[in-house]
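Okay, so here's the structure we're looking at.
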Amino acid sequence: MLEMDQLSLERQLDLVFRQLDDELAGLSSGIVFVQIRNNVIGKFGIRHNPIAGREGKLAEAEPGLTAQQRASFRQMALGALTFKRSWTHGEIAYDFTIRHDMIVVDATLESNYNMASQMIRYPRHTYQDRNSELS
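Rendered as C-alpha cells:
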C-alpha cells in the first residue's frame, strides 16, 4: 500500500484539492489550509464564515466556485509550491475569493522550526565556543 510520505508534496496537495472539491463548490470565499510535517500533509481543511448577517438579516448564500474556478485554484495552489524553500514543517494557507467572476488567490507560506531539534544539531559547547569567539 502506498503511504503519504512516498508521494511528492505536489501530489499530496492535488489529493487535498480533490478531497475538498465538493465543499469548494459551495463556497465563494475562504481559506484552504494544509499543515505540513516532514514534507507530509497532515491536517487540512477550509476556514470560512458560512453565515453573514447585517442589520438583523442573513445574507443570501452566494454561488460557490465553478468547476473551472476550482481547477484554476488547484493550479495556482500547486504553482505556489515553487516558492517553498528548504523548510519541511509549516503551513500553507490559500485565501480565495471571487471577484468579477474570477477566482483570486493569495498564498501564505509559514515555516515552523523547533528549538529542541536545533539544540541537538548544535550542542551546548558549540554555543560556548561561539560566545568566547565573540568576546
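Counting in this note's numbering, the sequence shown runs from 9 upward without gaps. Yeah, the Cβ is synthetic: ideal placement off N, Cα and C, and Gly gets one too. This structure is a prediction, so every number in the text was calculated from the model and none was measured.
What whole-angstrom Cβ distance do residue 31 and residue 49 have, given they're in contact under 8 Å?
Contact doesn't hold; Cβ gap of about 16 Å is too wide.
Delimiting residues of the alpha helix (DSSP H) encompassing residue 75
75-88
Spatially closest choice to residue 57 from 118, 104, 81, by CA coordinates
104
Close beta carbons around residue 17, own chain, < 7 Å, minus the five adjacent residues each side:
47, 89
Using a Cβ-Cβ distance cut-off of 8 Å, determine whether residue 111 contacts chain D.
Here chain D cannot be found, since the structure has a single protein chain.
Simplified DSSP assignment, three categories, for residue 117:
strand
Does the segment 92-101 come into contact with the segment 61-76, if we say contact requires no fewer than three beta-carbon pairs (one atom in each stretch) closer than 8 Å?
no
Along the beta strand (DSSP E) that carries residue 93, what are the first and last residues, could you check?
Unbroken run through residue 93: none, as it is neither H nor E.
Please say whether residue 98 and residue 118 have beta carbons closer to each other than 8 Å?
yes
Ends of the beta strand (DSSP E) at residue 99?
98-107
Please determine, among 52, 35, 83, the residue with the shortest C-alpha to C-alpha distance to residue 43.
52
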